[in-house]
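A.B. asks:
Number of protein chains: 2
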Amino acid sequence: MKKLINHPKDVVHDSLKGVEATHSDFLKVHFEPNYIIRKNAPINGKVALLSGGGSGHEPLHGGFVGYGMLDAACPGEVFTSPTPDQILEATKAVAGGAGVLHIVKNYTGDVLNFEMAADLAKSEGVMVESVVINDDVAVEDSLYTAGRRGVGTTVLAEKIVGAAAEEKLPLADLVKLCRKVNANGRSMGVALTSCVVPSAGKSTFDLPEDEIEIGIGIHGEPGRKREKIKTAREITELLVGPIVKDLPFKKGDHVIAFVNGMGGTPLIELYIIYNELAKILNSYGITIARNLIGNYITSLEMQGCSITLLKMDEQILRLWDAPVCTTTLRWGI
Amino acid sequence: MKKLINHPKDVVHDSLKGVEATHSDFLKVHFEPNYIIRKNAPINGKVALLSGGGSGHEPLHGGFVGYGMLDAACPGEVFTSPTPDQILEATKAVAGGAGVLHIVKNYTGDVLNFEMAADLAKSEGVMVESVVINDDVAVEDSLYTAGRRGVGTTVLAEKIVGAAAEEKLPLADLVKLCRKVNANGRSMGVALTSCVVPSAGKSTFDLPEDEIEIGIGIHGEPGRKREKIKTAREITELLVGPIVKDLPFKKGDHVIAFVNGMGGTPLIELYIIYNELAKILNSYGITIARNLIGNYITSLEMQGCSITLLKMDEQILRLWDAPVCTTTLRWGI
Chain A
47 MKKLINHPKD
57 VVHDSLKGVE
67 ATHSDFLKVH
77 FEPNYIIRKN
87 APINGKVALL
97 SGGGSGHEPL
107 HGGFVGYGML
117 DAACPGEVFT
127 SPTPDQILEA
137 TKAVAGGAGV
147 LHIVKNYTGD
157 VLNFEMAADL
167 AKSEGVMVES
177 VVINDDVAVE
187 DSLYTAGRRG
197 VGTTVLAEKI
207 VGAAAEEKLP
217 LADLVKLCRK
227 VNANGRSMGV
237 ALTSCVVPSA
247 GKSTFDLPED
257 EIEIGIGIHG
267 EPGRKREKIK
277 TAREITELLV
287 GPIVKDLPFK
297 KGDHVIAFVN
307 GMGGTPLIEL
317 YIIYNELAKI
327 LNSYGITIAR
337 NLIGNYITSL
347 EMQGCSITLL
357 KMDEQILRLW
367 DAPVCTTTLR
377 WGI
Chain B
47 MKKLINHPKD
57 VVHDSLKGVE
67 ATHSDFLKVH
77 FEPNYIIRKN
87 APINGKVALL
97 SGGGSGHEPL
107 HGGFVGYGML
117 DAACPGEVFT
127 SPTPDQILEA
137 TKAVAGGAGV
147 LHIVKNYTGD
157 VLNFEMAADL
167 AKSEGVMVES
177 VVINDDVAVE
187 DSLYTAGRRG
197 VGTTVLAEKI
207 VGAAAEEKLP
217 LADLVKLCRK
227 VNANGRSMGV
237 ALTSCVVPSA
247 GKSTFDLPED
257 EIEIGIGIHG
267 EPGRKREKIK
277 TAREITELLV
287 GPIVKDLPFK
297 KGDHVIAFVN
307 GMGGTPLIEL
317 YIIYNELAKI
327 LNSYGITIAR
337 NLIGNYITSL
347 EMQGCSITLL
357 KMDEQILRLW
367 DAPVCTTTLR
377 WGI
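Protein sequences, first through last, are from chains A and B.
Take the first sequence: its position 89, counted from the start at 1, is 135 in the working numbering, and no numbers get skipped.
Take the second sequence: its position 82, counted from the start at 1, is 128 in the working numbering, and no numbers get skipped.
1. Below 8 Å between beta carbons: does that hold for residue 235 of chain B and residue 308 of chain B?
2. Should the region 278-292 of chain B be called in touch with the region 66-75 of chain A, which here means at least 3 C-beta pairs below 8 Å?
3. Alpha carbon to alpha carbon, what distance is there between residue 218 of chain A and residue 104 of chain B?
4. What would DSSP say about residue 234 of chain A, mapped onto helix, strand or coil?
5. Note down the Cα distance separating residue 132 of chain B from residue 78 of chain B, rounded to an integer number of angstroms.
6. Taking the alpha helix (DSSP H) that residue 59 of chain B falls in, what are its first and last residues?
7. Count the C-beta pairs between the region 355-371 of chain B and the region 245-255 of chain B that are closer than 8 Å, then say yes if the count reaches three, no if not.
8. Taking residue 346 of chain A as the query, report the chain B residues whose CB atoms sit under 8 Å from its CB, ordered along the chain.
9. Figure out for me which residue from B:145, B:153 and B:160 has the closest Cα to the Cα of residue 120 of chain B.
10. Identify, in the order they occur along the chain, each residue of the same chain with its Cβ nearer than 7 Å to the Cβ of residue 328 of chain A, setting aside the five sequence neighbours on each side.
11. Please classify residue 265 of chain A as buried or exposed, where buried requires at least 16 other C-beta atoms within 10 Å of its C-beta.
12. What are the partner residues of residue 131 of chain B, as DSSP defines its beta bridges?
13. Indicate whether residue 228 of chain B and residue 195 of chain B have their beta-carbon atoms separated by less than 8 Å.
14. With residue 198 of chain B and residue 304 of chain B assumed to form a contact (beta carbons below 8 Å), what rounded beta-carbon distance in angstroms separates them?
15. Tell me the rounded alpha-carbon separation between residue 315 of chain A and residue 154 of chain A.
16. Would you call residue 252 of chain A buried or exposed, if buried means 16 or more other Cβ atoms sit within 10 Å of its Cβ?
17. Tell me whether residue 267 of chain B sits in a helix, a strand or coil according to DSSP, three-state version.
18. Should residue 171 of chain B be labelled buried (16 or more other beta-carbon atoms within 10 Å of its own) or exposed?
19. Helix, strand or coil for residue 241 of chain B per DSSP?
20. Taking the straight line between their C-alpha atoms, what separation do you get for residue 96 of chain A and residue 371 of chain A?
21. Residue 118 of chain A: which of A:125, A:244, A:150 and A:295 sits nearest, CA to CA?
22. Taking C-alpha atoms, which residue in A:323, A:299, A:298 and A:256 lies nearest to residue 285 of chain A?
23. Within the continuous alpha helix (DSSP H) that includes residue 160 of chain A, where are the two ends?
24. Taking the straight line between their C-alpha atoms, what separation do you get for residue 98 of chain B and residue 156 of chain B?
25. Does any residue of chain B have a CB that is nearer than 8 Å to the CB of residue 377 of chain A?
26. Please report the residue range of the alpha helix (DSSP H) in which residue 204 of chain B lies.
27. CB residue 267 of chain B to CB residue 189 of chain B, shorter than 8 Å?
28. May I have the straight-line CA-CA distance separating residue 184 of chain A from residue 80 of chain A, to the nearest angstrom?
29. Output needed for residue 334 of chain A: all residues of its chain with C-beta closer than 7 Å, excluding positions within five of it in sequence on either side, in chain order.
30. Any residues in the region 49-64 of chain A with a beta carbon nearer than 7 Å to a beta carbon of chain B? Which ones, in chain order?
31. Kindly list the residues whose CB is nearer than 8 Å to the CB of residue 138 of chain B, restricted to its own chain and excluding five residues on each side of it in sequence; keep chain order.
32. Work out the CA separation of residue 339 of chain B and residue 311 of chain A for me, nearest whole Å.
33. For residue 306 of chain A and chain B, any beta-carbon pair shorter than 8 Å?
34. For residue 62 of chain B, which residues from the same chain have a beta carbon less than 8 Å from its beta carbon, with the 5 sequence-adjacent residues on both sides left out?
35. What is the rounded straight-line gap between the Cα of residue 164 of chain B and the Cα of residue 113 of chain B?
36. Got a sec? Which residues, its chain only, sit under 7 Å from residue 49 of chain B by beta carbon, not counting five neighbours each side?
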């Protein structure tokens with residue numbers, strides 16, 4: 047294993063120290079328990095948005111803390127859910143009197159720990175609601191998941207619901223909006239290579255030199271099938287087909303098209319995938335109203351990508367365009 | 047070779063098609079010859095900034111075209127200089143009457159082709175000046191370079207000089223500023239793995255499973271030495287030492303600290319390197335005034351990173367903070 051780390055047990059700590067050192071102008075990093083919050087938290091009268099999950103998917107979620115997105119992110123150990131205690135402390139740190147919304151990716155450990163934290167917070171008088179994101183069409187149940195996994199739509203939900211929270215929408219309306227985003231988002235990914243979890247020290251799975259895995263999970267969970275390496279056009283078709291069919295997306299729909307790198311894929315390749323995606327959607331009569339291309343929800347150094355489509359209405363479009371200021375997404379400010 | 051591509055010969059074309067499909071709100075992509083320009087080019091009375099070089103280093107340079115940075119980028123084939131004709135056409139496309147500044151990384155092919163293009167443009171009545179960036183302290187001469195290679199400082203120069211160009215500074219002043227940035231910037235990189243040039247189909251170099259290469263070039267050119275894999279702390283020291291000693295950076299200096307990913311390194315590791323860098327600079331009495339962390343000048347899917355330090359004065363700081371709106375860097379707008 048070759049990684050730019052000091053010791054596997056220090057990966058999350060050292061990386062959070064790096065975040066603390068870089069972005070102290072608008073972020074605050076708390077250690078033991080670990081969480082990242084806005085420097086000006088709690089914000090009175092605003093619903094606080096909190097998300098979290100295992101580390102190793104950076105910039106998710108810490109890179110999305112800031113104006114117009116999250117108030118707090120709880121990073122667990124690599125590919126390991128944050129603890130209920132950690133989520134509880136972060137929840138209390140950002141609660142500004144209007145309640146806290148937990149945005150949870152659908153993995154069994156995450157769902158369980160966020161539920162426990164929400165119950166504890168409620169017992170301490172903090173209003174908490176949760177929305178579970180489950181947008182991955184690849185498989186119905188998975189290695190760490192009952193039902194569909196939560197992937198790329200999480201990023202889009204954090205942006206869109208975050209914008210609505212800045213407009214001081216009440217908690218119930220944000221829950222409704224977040225569910226709408228989840229209901230209209232669909233994703234699927236592909237891996238060209240495995241990743242190496244630092245504490246394991248070896249590849250999570252083996253993939254022959256000429257094979258790819260369609261429908262891969264962000265922790266390397268098995269996908270739908272293995273195929274011989276194909277052209278970018280063919281791979282894009284294998285991802286887009288199931289996504290479009292599932293919602294289904296229809297002729298005349300307007301979407302956000304999100305091409306996400308798994309961490310180890312060069313940007314030049316993501317643009318090639320985006321080009322194929324644009325051509326395919328055009329042939330379906332689906333309009334790309336907005337796009338996002340880059341490494342946003344990653345799997346350490348895995349090579350591959352995922353595609354997320356989110357059907358937009360006027361509200362979602364307006365909130366997507368609203369100002370945002372995080373380390374990762376920044377516009378309008 | 048597993049890549050998200052259609053065919054090695056189509057990589058640059060297909061990727062540029064993707065850029066065209068995503069960012070047509072403020073970019074225009076021209077094909078044969080290939081270049082990316084601002085949609086509103088040429089801008090009357092503003093010096094136009096143009097950079098370019100081989101593809102495979104994305105987002106450099108196309109991701110830096112836009113308000114406050116470049117007016118044009120010329121992408122060559124992967125790791126291959128753009129042609130004089132290509133640079134000439136792009137130069138003419140953005141020339142707005144106040145001249146054009148070419149920012150050139152010091153690689154023999156780039157320097158030669160930019161020189162030829164500049165001569166041709168001048169013969170057609172376009173005022174052109176060039177500044178060569180040569181900030182890599184690793185080696186004196188290299189595989190494709192007489193003198194030092196141009197790396198991370200290029201990104202910083204494009205931002206800083208781009209901001210000054212928006213203020214309508216004359217060409218001669220921008221040349222002076224760009225030379226100042228180059229004179230005050232120093233970089234060095236490390237590779238954990240090689241990259242695979244699509245047309246070659248195999249690794250550019252071989253690096254044993256337990257070795258790293260200190261002082262790597264962005265095309266995989268040999269560095270200073272190979273070492274056994276070390277801790278992030280030790281690797282950072284091996285990069286920062288020669289950088290600091292070279293300028294030299296001194297106690298009391300204020301710098302931009304730039305930790306750049308080579309394309310295949312997860313963000314979590316770049317933050318670990320940044321944390322070590324911040325501690326080391328602190329021990330030297332050097333203040334990090336601004337920072338930049340992420341994949342900005344890459345080497346396809348290579349794992350590794352580079353560190354760039356740029357000594358700041360008030361002018362550089364002010365121009366760094368000035369508004370910018372590209373696909374990659376965006377703030378203040």
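For every residue, glycine included, the Cβ atom is placed at its ideal position computed from N, Cα and C.
Values in this document were obtained by computation on a predicted structure and should not be read as measured data.
C.D. replies: The relevant details are as follows:
1. yes
2. no
3. 42 Å
4. strand
5. 8 Å
6. 57-68
7. no
8. 312 and 314
9. B:160
10. none
11. buried
12. Residue 131 of chain B pairs with nothing; no bridge assigned.
13. no
14. 6 Å
15. 32 Å
16. exposed
17. coil
18. exposed
19. coil
20. 16 Å
21. A:150
22. A:323
23. 154-169
24. 8 Å
25. yes
26. 199-212
27. yes
28. 32 Å
29. 301, 303, 324 and 327
30. 49, 50, 51, 52, 57, 60, 61, 63 and 64
31. 167, 170 and 172
32. 17 Å
33. no
34. 75, 77, 80, 82, 108 and 121
35. 23 Å
36. 244
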